[in-house]
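*Asks:* Would you mind keeping the following structure in view while I ask a few things?
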Amino acid sequence: MSDTLRMLTCCTGPSASHTSAELLRWQRKRNREIERDLKKEKDKLRRRQMILLLGTGESGKSTFLKQMKIINGKRFSPKELEQLKDIIYDNIYKGVLFLLQARENLCFRWANGDHSEAAQAAQQLEAYFRDTRVMRRDRARLNQLQWTEDEFLQLVPAMRAIWADPSIQSAFDQRAKVITENFSENTRYYLNRLNYIGTKGYCPTDEDIVWSRKPTESIIEEEIIVHHASLVFVDVGGQTKERRKWCQCFSDMTSVLFLIASSHYDEHYQDRVTKEFRNKLREAMIVFEGLINHVAFRRVSIIIFFNKTDILKEKVASGQSNIRDEFPNYPARFDPFRLQDVQTFMVEAFVSLVNQSTSDPVPMTTNPRVRTTGRGSLSSPSFSGINRNDSGSGPRRTSAPGCANTTLAINTPKPGMPPVRRRMLYRHFTTAVDRRNIETVFHAMQDTVLQINLRRIMMS
């Protein structure tokens, strides 16, 4: 630039020299403005916390995001409400069809015989399904709403009669005995509110919205401002076909929030490739282990939500589903029908999957030292971490009860080796559809994330 200016000065004389001086002053001023803007942007990015939501399908990630939006005062637009209304209609319709299939698979008979009101209503609904299947497929292909209000309202009496039959109630209670993939627990909630939902001009309430269920097929972001800091939650979808997208979201993430449906311990799905029937909770463990030990997660904090605690509590209390049937390694000292014991087993099982080695040059050891700290109590088990005994036979409890927000720091103290970075894990038991529960957990979680960011800024 200076050579060019000298050439211009030689060619054009004093007037050009004066112009070049003004140009230099303008350039310096503009450079200062750019540097100031870059500094502001850098400071903004340092305050911006990217939290990646991960987990298998139906673990509650989308529900959590909807709660975040509602809790922080964000409203849904009329278009969004119309779409949510359509999703709710479809959830109810498909839920009833699933219950009819489950009743048949479980060989339950209609309470008042094959000519009862419920039986006739079932025939009507099944005929409607056959007659409109192609139409609904076309609407989905064209990205149109699946339902008009009148179409749904004409089915309300039939669905109400079906839900009132004891055999359908029993099918819902024993749904874990049949394949439950794509079946949502919101069916009972919506059918119990059918007198309100099945009316003209229905508009979803906040609670109706958080119960709605639609598989996430695209990356969704929700930004929340907390204490002048930006928390950006990123949901990439939990369906099997969506997991390839997760690796694209690792950069710039400060925390990973992994959601686990704790009530899935007795539920199964069919693998689309191998056609094998697999346990949903075991699938979550496989996904968690593969992701948590990925090199991309070596320097991010891990927050675990054991979600759907309300359904887990209901299942355990009913005495109908023994976790030991699905997990033979369930310890003999634990009662399979005691909530805290079941939760403790789940926490130990997941935490034990974390690879102790968090730095590439350091080899794993068979006797990691685990230090835990925690605070608070959110319907949690008496557990704060794990430790392995010298024989490596398995995890054991290491601290006092009542710790719901747990920090797990794993070290490998092998003599002569460089120190390993501490691996921090935080966990909560949650019910994503319960606003008060999520508010409490969110406040604890945001403190954790902001503290992590403060440490990161001080180190940078």
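Just so you know, we're using full-length UniProt numbering here: the sequence shown kicks off at 1 and counts up by one.
Cβ coordinates follow ideal geometry from the N, Cα and C atoms, glycine included.
Note that the structure is predicted; figures quoted are calculated from it, not measured.
1) Once you ignore the five residues that flank Gly198 on each side, which residues in its own chain have a CB closer than 7 Å to its CB?
2) Quick check on DSSP: helix, strand or coil for Phe183?
3) Determine the burial state of Ser352: buried for a count of at least 16 other Cβ atoms within 10 Å of its Cβ, exposed for fewer.
4) Can you tell me whether Val300 is helix, strand or coil according to DSSP?
5) Restricting to Cα atoms, I'd like to know which of Gly237, Asp266, Val273 is closest to Lys177.
6) Determine the direct distance from the alpha carbon of Leu194 to that of Gln120, and round the result to whole angstroms.
7) Report the three-state DSSP secondary structure of Leu259 (helix, strand or coil).
8) Restricting to Cα atoms, I'd like to know which of Arg272, Gln174, Phe129, Val134 is closest to Met159.
9) At which residues does the alpha helix (DSSP H) containing Tyr269 begin and terminate?
10) Quick one: give me the first and last residue of the alpha helix (DSSP H) that Ile209 is part of.
11) For Met253, name the three-state secondary structure that DSSP assigns.
12) Apart from the five residues on each side of it in sequence, which residues of its chain come closer than 7 Å, Cβ to Cβ, to Asn322?
13) Measuring CB to CB, does Gln49 end up less than 8 Å from Ser230?
14) From the DSSP output, read off the bridge partner residues of Gln49.
15) Taking its Cβ as the centre, do 16 or more other Cβ atoms sit within 10 Å of His268, making it buried, or is it exposed?
16) Buried or exposed for Val273, please, with buried defined as at least 16 other CB atoms from any protein chain shown within 10 angstroms of its CB.
17) Can you give the Cα-Cα distance for Phe64 and Val234, rounded to whole angstroms?
18) Would you kindly work out how many angstroms separate the C-alpha atoms of Ala140 and Met445, rounded to a whole number?
19) Classify Tyr196: buried if its beta carbon has 16 or more other beta carbons within 10 angstroms, exposed otherwise.
20) Less than 8 Å between the CB atoms is what I'm expecting for Ile260 and Leu425, so what's the real figure, rounded?
21) Report all residues from its chain with a CB closer than 8 Å to the CB of Gln320; omit the five preceding and five following residues, and keep chain order.
22) Would you identify the three-state DSSP class for Phe429, choosing helix, strand or coil?
23) Can you tell me the Cα-Cα spacing of Asp341 and Phe334, whole angstroms?
*Replies:* Result, derived from the coordinates:
1) Apart from sequence neighbours up to five positions away, the residues of its chain that approach Gly198 with a beta-carbon distance below 7 Å are Leu153, Val156, ordered along the chain.
2) Phe183 falls in the coil class under three-state DSSP.
3) Exposed, by the Cβ-count rule.
4) DSSP places Val300 in coil when its eight states are reduced to three.
5) Comparing Cα positions, the closest option is Asp266.
6) Distance between the alpha carbons of Gln120 and Leu194: 19 Å.
7) When secondary structure is reduced to three states using DSSP, Leu259 falls in the strand class.
8) Of the candidates Arg272, Gln174, Phe129, Val134, the one whose C-alpha sits nearest the C-alpha of Met159 is Phe129.
9) Premise fails: Tyr269 lies in the beta strand (DSSP E), 268-270, not in any alpha helix (DSSP H).
10) Where Ile209 is concerned, the enclosing alpha helix (DSSP H) stretches over 206-211.
11) DSSP places Met253 outside both helix and strand once states are collapsed to three, so it counts as coil.
12) Excluding residues within five positions, the ones whose Cβ falls inside 7 Å are Pro336.
13) A contact, by the Cβ cut-off of 8 Å.
14) Note: Gln49 sits in a beta bridge opposite Leu231.
15) Burial of His268 is indicated by the presence of at least 16 other C-beta atoms within 10 angstroms of its C-beta.
16) Residue burial is scored here from C-beta neighbours: Val273 has fewer than 16 other C-beta atoms within 10 angstroms and is therefore classed as exposed.
17) Taking the straight line from one Cα to the other gives about 11 Å.
18) For Ala140 and Met445, the distance between alpha carbons rounds to 37 Å.
19) With fewer than 16 Cβ atoms within 10 Å of its Cβ, Tyr196 is classed as exposed.
20) Going by Cβ atoms, the distance from Ile260 to Leu425 rounds to 13 Å, so no, they are not a contact pair.
21) Excluding positions up to five away in sequence, the list reads Asp173, Gln174.
22) Secondary structure at Phe429: strand, using DSSP grouped into helix, strand and coil.
23) Roughly 5 Å between the two C-alpha positions.
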